[in-house]
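Chemist:
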Amino acid sequence: MTYPFTAVVGMDDLRLALLLNAVSPAVGGVLVRGEKGTAKSTSVRALAAVLPPVAVVAGCRFGCDPGAPDPACPDGPHEPGTAARTRPARLVELPVGASEDRLVGSLDLERALTEGVKAYEPGLLAAAHRGVLYVDEVNLLHDHLVDLLLDAAALGTAYVEREGISVRHAARFLLVGTMNPEEGELRPQLLDRFGLTVEVAAPRDPDVRAEVVRRRFASDADPAGFAAAWAAEETALAERIAAARARLPRVVLSDAALRQVTAVCAAFDVDGLRADLVTARAAIAHAAWCGRDEVTEDDVRVAARLALPHRRRRNPFDAPGLDDGTLEQALADSRPEDAGGPDDEPTDPTDGPGDGGGPPRDGGGPDGPGIGSNAYGSDGESRAKPPMPGESAGDDGPTSAPRGEGGGRTDAAAAERPAVAPADPFRARRLEVPGLGAGAAGRRSRARSEHGRVVGATRPAGTVTRLHLPGTVLAAAPHQLARGRTGPGLTLAREDLRQATLEGREGNLVLFVVDASGSMGSRARMAAVKGAVLSLLLDAYQRRDKVGLVTFRGAGADLVLPPTWSVEAAAARLTELPTGGRTPLAAGLLRAHETLRVERVRDPRRRPLLVVVTDGRATGARGSDSLGDARRAAGLLAAAGAASVVVDCESGPVRLGLAASLGTALGARTMRLEELGAESLVRTVREAA
0 MTYPFTAVVG
10 MDDLRLALLL
20 NAVSPAVGGV
30 LVRGEKGTAK
40 STSVRALAAV
50 LPPVAVVAGC
60 RFGCDPGAPD
70 PACPDGPHEP
80 GTAARTRPAR
90 LVELPVGASE
100 DRLVGSLDLE
110 RALTEGVKAY
120 EPGLLAAAHR
130 GVLYVDEVNL
140 LHDHLVDLLL
150 DAAALGTAYV
160 EREGISVRHA
170 ARFLLVGTMN
180 PEEGELRPQL
190 LDRFGLTVEV
200 AAPRDPDVRA
210 EVVRRRFASD
220 ADPAGFAAAW
230 AAEETALAER
240 IAAARARLPR
250 VVLSDAALRQ
260 VTAVCAAFDV
270 DGLRADLVTA
280 RAAIAHAAWC
290 GRDEVTEDDV
300 RVAARLALPH
310 RRRRNPFDAP
320 GLDDGTLEQA
330 LADSRPEDAG
340 GPDDEPTDPT
350 DGPGDGGGPP
360 RDGGGPDGPG
370 IGSNAYGSDG
380 ESRAKPPMPG
390 ESAGDDGPTS
400 APRGEGGGRT
410 DAAAAERPAV
420 APADPFRARR
430 LEVPGLGAGA
440 AGRRSRARSE
450 HGRVVGATRP
460 AGTVTRLHLP
470 GTVLAAAPHQ
480 LARGRTGPGL
490 TLAREDLRQA
500 TLEGREGNLV
510 LFVVDASGSM
520 GSRARMAAVK
530 GAVLSLLLDA
540 YQRRDKVGLV
550 TFRGAGADLV
560 LPPTWSVEAA
570 AARLTELPTG
580 GRTPLAAGLL
590 RAHETLRVER
600 VRDPRRRPLL
610 VVVTDGRATG
620 ARGSDSLGDA
630 RRAAGLLAAA
640 GAASVVVDCE
650 SGPVRLGLAA
660 SLGTALGART
670 MRLEELGAES
680 LVRTVREAA
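In structure tokens, the structure reads:
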């Protein structure tokens, strides 16, 4: 799809971010966040058509620059005056399900087996050198590929040490990723590697949406004609990018402008200095794009809005965004004393001198209505949660109600009280199912997988789908003389072939069993519990787990949320959770046992992880052995082989250790609530105690 198609989708920030990287690849790439169906991928793929062509050494598979070839190039060394050719800039796509050898390269199997020579076959990192590496759904990329991508992006060099090969080659590329935040967030290390970030959303104006549909129909009906209609505008845009690149070395970043850059980064309390570097580079690129030879305050403003949203988040689950008031105040405070206010007519962030950041308006192609979209929130902070029913008094522990009010503490008196707001969510520690599974791909527990690291080789039972070359060669080597080998090639038999064994991670069924009884104590303590469970729910969603929620209080236990993929539904059930009453721990465990039994029939490959959040107390009807019943129920779960974790919520100077005893009966690991991984939670738990 051609570039002008995206001009009507409300993506001014996205268009500008891509253009700044086209002008100066040193900016560091773009992360595009947005809901599904907003043409994120279309916009990125359109970038290749307007990038200036690159000169490469003829015959070099690694795209070396004739003016400064890589001295360690595997196809080198390239002598001065080596023949060169010009080719279009490449946009190389990295599929989410790509293998490790496809990304970094591997042994050339054909030459190894037919000629008996050790040769290197380049991967996608080599193909993307001096071009664009595009990862669609980058937040779903497997962790082992993320690690390799981080190394190459940080060093500008790919190191390949595998299958007897030791190769180093240049890998400097423009990293562009798209993602839907509903499917989970990025690892912080990879998030920080993207120079700029933009948030896109579909337009809400019916006329704009109609124009998008109209253009899509036109493109489908006559792709060549649609592209030709916009060819002049694309050519003009490519020429403007080339002119901005030529102007870039002459752009001056004055001390005053640099001071504004660093003041803005300091005002938003970003980690490290990468934000300062990226913001400065983006400001220089914006000045060049707008035809200026010196960075202005407006350039700094535009650069900060693109470079800082994903770096200023203090909470891992906060949405990216900047507070415009803080930005303007930081710019004003760093303004030289003799300077006036901001420019009377600041440049539109998407505009250059006299025309827009998109196709020129005086061009000959069609021109639909564009919309100026500022996708950043006004404050960048997480929104307050709606009120929810509060906890109520129980008969076996303290409650939030003052002791002098409301008379006795019975289930009948468990009236709804003001909301118990969860503590702030945090990045929870990863809990795993022990052993090695074989479930659907995910990010939690170790598993045999179709995607992952090569950890060994086995003799295949059927057709070989992923050849393990070193294992195959080792199996065939002892038989070469007996098979009459005389040349350099390897003589193979069917029994020599070995299948590569891969190990990755799987998604699990995470079933939460939460104690909502009166024994959970004060409002602050219940808030800490809800905050911890909410954080674990978000963690489970990002690791592509199914989640379920069982609660127990009063007379029994309820499956509040059957196993589902919707973390939003689980979070809503949690925040609305009423509390108070007796503690039927045995009923909660038995309900979990039945839920896991049903799910085991539905999805036998998905291993469960049971997370029991309780202080270990158990109360029931008079004369019943509540603790004994709970231990027997725990024994049923242990016998069924359910992996479990007990989160001990007991607080106070005197602790009975009942949760640890429950963990022993379950064969589970017992953790204190504050061990899940956040200082804010530790403070909340201490306050509750």
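Per numbering that gives the first Met the number 0, residue 0 is the first one in the sequence shown, and the count goes up by one each step. All C-beta atoms, glycine included, are put in the ideal place defined by N, C-alpha and C.
1. Is the separation between the beta-carbon of residue 43 and that of residue 175 shorter than 7 Å?
2. Would you please state the rounded distance, in angstroms, between the beta carbons of residue 641 and residue 589? I believe it to be under 8 Å.
3. Check the DSSP bridge columns for residue 33 and list the partner residues they point to.
4. Just the C-alpha distance for residue 608 and residue 144, rounded to the nearest angstrom, thanks.
5. The alpha helix (DSSP H) with residue 40 in it runs from where to where?
6. Excluding the 5 residues preceding and the 5 following residue 86 in the sequence, name in chain order all residues of the same chain whose CB lies nearer than 7 Å to its CB.
7. Ignore the nearest five residues each way along the sequence and tell me which others in residue 401's own chain have a CB closer than 8 Å to its CB.
8. Check whether the Cβ atoms of residue 547 and residue 533 sit closer than 7 Å, and answer yes or no.
9. In three-state DSSP terms, what is residue 172?
10. Measuring alpha carbon to alpha carbon, tell me which of 496, 60, 153 and 103 ends up nearest residue 28.
11. Can you grab the Cα-Cα spacing for the pair residue 140 / residue 96, in whole Å?
12. Spatial neighbours of residue 70 within its chain, please: C-beta separation below 7 Å, excluding the five flanking residues on both sides.
13. How big is the Cα-Cα spacing for residue 645 and residue 665?
14. Report all residues from its chain with a CB closer than 7 Å to the CB of residue 474; omit the five preceding and five following residues, and keep chain order.
15. Taking 8 Å as the cut-off, does the stretch 550-557 touch the stretch 574-587 (at least 3 CB pairs, one atom from each stretch)?
16. Would you check whether the ligand MN has a heavy atom nearer than 6 Å to the C-beta of residue 225?
17. Does DSSP put residue 52 in a helix, in a strand, or in coil?
18. Find out if the Cβ-Cβ distance for the pair residue 202, residue 32 is shorter than 7 Å.
19. Let me make sure I understand the geometry here. Which of 603, 581, 576 and 580 has the alpha-carbon closest to that of residue 439?
20. Would you identify the three-state DSSP class for residue 500, choosing helix, strand or coil?
21. Which residue from 68, 487, 272 and 466 puts its Cα closest to that of residue 117?
22. In the DSSP assignment, find the unbroken alpha helix (DSSP H) run with residue 224 in it and report its ends.
23. So what's residue 695 in DSSP terms, helix, strand or just coil?
24. Measure the C-alpha to C-alpha separation of residue 286 and residue 295 and round it to an integer number of angstroms.
25. If you draw a straight line from the alpha carbon of residue 39 to that of residue 530, how long is it in whole angstroms?
26. Taking C-alpha atoms, which residue in 258, 273, 310 and 278 lies nearest to residue 332?
27. Does residue 325 come out as helix, strand or coil in the three-state DSSP assignment?
28. Is the beta carbon of residue 120 closer than 7 Å to that of residue 104?
29. Please work out which residues of its chain come closer than 6 Å, Cβ to Cβ, to residue 255, disregarding the five sequence neighbours upstream and downstream, and give them in chain order.
30. If we ignore side chains and look at the alpha-carbon of each, how far apart do residue 517 and residue 138 end up?
31. Can the beta-carbon of residue 765 be found closer than 7 Å to that of residue 463?
32. Using the C-alpha atoms, what's the distance from residue 458 back to residue 283?
33. Using 7 Å as the threshold, is the C-beta distance between residue 263 and residue 279 below it?
34. Would you list the one or two residues that DSSP bridges to residue 642?
35. Quick check: residue 215 and residue 274, are their CB atoms within less than 7 Å of each other?
36. Which two residues bound the contiguous alpha helix (DSSP H) that contains residue 663?
Modeler: Reading off the structure:
1. yes
2. Not quite, the Cβ-Cβ distance comes to about 13 Å (not below 8 Å), so this is no contact.
3. 199
4. 26 Å
5. 39-45
6. 52, 53 and 55
7. Residue placement at residue 401 is poorly supported in this model, since its pLDDT is 35, which falls under 50; the coordinates are not used for a value here.
8. no
9. coil
10. 153
11. 7 Å
12. 76
13. 9 Å
14. 495 and 497
15. yes
16. With respect to the ligand MN, the structure shown offers nothing to examine, as it has no ligands at all.
17. coil
18. no
19. 603
20. strand
21. 487
22. 222-228
23. The question about residue 695 has no answer, for the chain in this structure spans 0 to 688.
24. 7 Å
25. 33 Å
26. 258
27. helix
28. yes
29. 335
30. 40 Å
31. In the structure displayed, the chain extends from 0 to 688; residue 765 sits before or after that span and is not available.
32. 58 Å
33. no
34. 608
35. no
36. 657-665
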